[in-house]
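These protein sequence lines are chains R and D, in that order. Going by the working numbering, the first sequence opens with residue 1, and the numbers climb by one from there. Going by the working numbering, the second sequence opens with residue 1001, and the numbers climb by one from there. The C-beta atom is built at its ideal place from N, Cα and C for all residues, glycine as well. These notes concern the structure reproduced below.
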Amino acid sequence: MRFTHITLRNWRNFKKIDVDLTNRVFILGANASGKSNFLDAFRFLKDIANNGLQKAMAERGGISKVRSLCARRPSDIEIEVIVEEKNTIWQYEIGILQEPRGHRRPILSREVVVKNGKTLLNRLDSDDNIDIELRTQTALEQISENADFRELANIFKKISYLHIVPQIIRKPKLFPWRGKGDDYFGWTLIKNISSTSQKTQKSRLRKIEKALIKIVPQLKELKLTDFDDAGERHLEVRYKHWRKRDAKQNELEFSDGTLRLIGIFWALLEGRGPLLMEEPELYLHPGVIKKLPRLIHRLQKSAGDRQVLISTHSPDLLLKGNGIGPEEILLLKPGEEATDIHALNDIEELKPLIENGFEYSEIVEQYTKPDTIEQLDLFINQL
Amino acid sequence: MIYIFVEDELSQAIVNKLLDYLERTENLEFPDRAFYNKNGCGNIKREMRKYNKIARTYPVIVLVDLNATECAPLKKEEFIDFNKNEKLIFRIAIREVEAWLFADRKNFASFLGVRIDRMPKKPEEIADPKKLLFDISRKSQKRVIKEDIPPEPGSLASIGKNYNGRLKEFVLQYWDINIARNVLKNKSLDKALNAFSSIRLP
């Protein structure tokens, strides 16, 4: 299954964007250009399917936080996606606005489901117009309403998000808010590993271990310990050591890079639905980063051609030696009011550079950096 | 779009300012400029043919320093061993773009915080403009010039820790191109400006 197209209107810092999506997508842009906001549109669909519209919006601070600031009049937030699943093409459209009075809840302005060109749902219908309460819930989130397209709801539920923060893996209890569903900042990593069936768990940890040994050569073995006195399990590695016996370390002592690698690997091995990854390059050596695209590619293929959307700042991730096509690279460019997004091969001024074999990293940096960045030097000079 | 390939940040700031100057004085327009800092002339030399291909359609500016090469025509031959498209503008600063800054003697002396008689009178004849700039900066009355421009004693770095940032400030805020151009009449700066002013956008 994969998203082949997305259209966003008035979603966060996007006024209107409309892009095709390949099976592997690299999203690049300056700081605060909206990379995470773009990914959040997919997470939002997942949250609606899991927990309903009201909760999905509340978790994001309400409609006023989500609606683009450039929408002058109160206008609808709209998300439209096209999803391909085997031989089925799904189209889902949702429009959301704020209840004009009363509780000011987010309510639907429309909701459409199309399967292979046939419209299965087209709201608002006459009931919606009579009873505004109905418009506070999507059909997607209701088992009683979504029988014809539960498959689509299940696809949305399979989306996963990965933005591992090593310190959260080490000390999950220090981060009690755990707001957004089962989102993957790392606090459920050890729990997830622990709750996987013994056989699968072993086979996945073995795979991770084999890769880790090549990246951290002094490492020997990776395993999950039994429950300790506090009722917790730990990731444990053995290190080669000049002493006779190997040294042992658990996740509290792992380096940030090791923890992130384990988390990235596990996420890639764990699911089959679309995976949203934030900056997988963080904490990693450039030599490792350069191998990530092919690693991701292999694990995509062995998970049934799973789709992966990656936000990144890393030039090392974009090397052509990894078989990356310009159509796989989406560039965010903030304008005066809203941010625009285009695939690298659709940007006219960049075509001569791509045709003449420039590295993507160079083209992308020059195109996405803010115009004001050179003025930073004048400020630095005053320090 | 004009594509501009340079050796370093300072050259980038200089070309940008030169284009601004031409917009102002000759009523030309260079609205879209894509700068690529190639970090050294080795990369530029290797990619010259690519730039020439881009120049089939778009104007391309390439600026390199002459450095220690014997003379500019020799350097040009090294870089352009193909049929050059008309839109490819290849210019050489003699011997480095820093010489173009020295050409605005008075403003540069005051920016560097040194007496004007320390400043060279014939900028194109300086054998190693960067080295001279370091030597002069070390004698500066201004702390930040001494801290930023020359490499620290014992350092193996080729430039000081805020060399580019500090010199860009001069380029952006104080460098008077009219004065520098007059001093370098019929020399590399003047010739570069003449070449840039021939650019017509497609």
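Query: If we ignore side chains and look at the alpha-carbon of each, how far apart do PHE1005 of chain D and PHE1035 of chain D end up?; Result: 6 Å
Query: Let me check understanding here. Comparing Cα to Cα, which of R:GLN307, R:ASP305, R:PRO315 lies closest to LYS291 of chain R?; Result: R:PRO315
Query: Report the CB separation of GLY29 of chain R from LEU331 of chain R in whole angstroms; it is logged as a contact under 8 Å.; Result: 6 Å
Query: Identify each residue in the region 1169 to 1181 of chain D for which the Cβ-Cβ distance to at least one residue of chain B is less than 9 Å, and report them in chain order.; Result: No chain B appears in the structure shown, which is made up of the protein chains R and D.
Query: By DSSP, does ALA1099 of chain D sit in helix, in strand, or in coil?; Result: helix
Query: Here's the rule I'm using: 16 or more other beta-carbon atoms within 10 Å means buried, otherwise exposed. How should ARG1024 of chain D be labelled?; Result: exposed
Query: Grab the span of the alpha helix (DSSP H) containing ILE1177 of chain D for me, first residue to last.; Result: 1177 to 1183
Query: Just to confirm, are ALA1099 of chain D and GLU1070 of chain D a CB contact at a threshold of 9 Å?; Result: no
Query: Run down chain D in chain order and give the residues with a C-beta less than 7 Å from the C-beta of GLU362 of chain R.; Result: TYR1036
Query: Within 9 Å of any Cβ in chain D, is that where the Cβ of ALA41 of chain R sits?; Result: no
Query: For ALA303 of chain R, tell me which candidate among R:SER36, R:TRP266, R:ALA147 has the shortest Cα-Cα distance.; Result: R:TRP266
Query: To the nearest angstrom, report how far apart PHE185 of chain R and ILE169 of chain R are at their CA atoms.; Result: 8 Å
Query: From which residue to which residue does the beta strand (DSSP E) around VAL1114 of chain D run?; Result: No beta strand (DSSP E) holds VAL1114 of chain D; DSSP gives it neither H nor E.
Query: Could you confirm whether any beta carbon from chain D is found closer than 9 Å to the beta carbon of GLY179 of chain R?; Result: Because GLY179 of chain R carries a pLDDT of 49, less than 50, the predicted location of this residue cannot be relied on, and the following value inherits that uncertainty. False, the Cβ-Cβ gap to chain D never drops below 9 Å.
Query: What is the C-beta distance between ILE1044 of chain D and VAL1064 of chain D, in whole angstroms, given that I count them as a contact (C-beta under 8 Å)?; Result: 6 Å
Query: Report the three-state DSSP secondary structure of MET277 of chain R (helix, strand or coil).; Result: strand
Query: Between the alpha carbons of VAL112 of chain R and LEU121 of chain R, how many angstroms are there, rounded?; Result: 5 Å
Query: Considering only residues of the same chain and omitting the five flanking positions on each side of LEU1189 of chain D, which have a CB-CB separation below 7 Å?; Result: TRP1100, ALA1103, ALA1180, ARG1181
Query: Contact criterion: CB-CB distance below 9 Å. Does ILE380 of chain R meet it with respect to chain D?; Result: yes
Query: Take PRO1195 of chain D and list the residues in its own chain whose beta-carbon comes closer than 7 Å to its own, dropping the five residues that flank it on each side.; Result: Just to set this straight, residue 1195 of chain D is Ala in the shown sequence, not Pro. Taken in chain order, the residues that qualify are ILE1089, ARG1091.
Query: Cβ closer than 8 Å: which chain R residues qualify as neighbours of LYS1050 of chain D?; Result: ASN356, GLY357, PHE358
Query: Which chain D residues sit within Cβ distance under 7 Å of ASP340 of chain R?; Result: Those do not exist, as ASP340 of chain R stays about 16 Å from chain D at its closest Cβ, beyond 7 Å.
Query: Answer yes or no: does any C-beta atom of chain R fall closer than 9 Å to that of ILE1136 of chain D?; Result: no
Query: Looking only at C-alpha atoms, which of R:ASN51, R:ILE48, R:TRP11, R:LYS55 sits nearest to SER36 of chain R?; Result: R:TRP11
Query: By the criterion of Cβ-Cβ separation under 9 Å, what are the contact partners of GLN201 of chain R in chain D?; Result: In chain order: nothing, as chain D lies at least about 47 Å away.
Query: With a threshold of 9 Å between beta carbons, is PRO352 of chain R in contact with chain D?; Result: yes
Query: Where do the ends of the alpha helix (DSSP H) carrying GLU355 of chain R lie?; Result: 351 to 355
Query: How is the alpha helix (DSSP H) around GLN1012 of chain D delimited, first residue to last?; Result: 1009 to 1026
Query: Just verifying my parser: in three-state terms, what is the DSSP assignment at ASN50 of chain R?; Result: helix
Query: In the structure shown, what three-state DSSP assignment does ASP18 of chain R receive?; Result: strand
Query: Which stretch, first to last residue, makes up the alpha helix (DSSP H) that contains GLY287 of chain R?; Result: 286 to 289
Query: Counting pairs of Cβ atoms below 8 Å between the region 203 to 220 of chain R and the region 252 to 271 of chain R, do you hit three or more?; Result: yes
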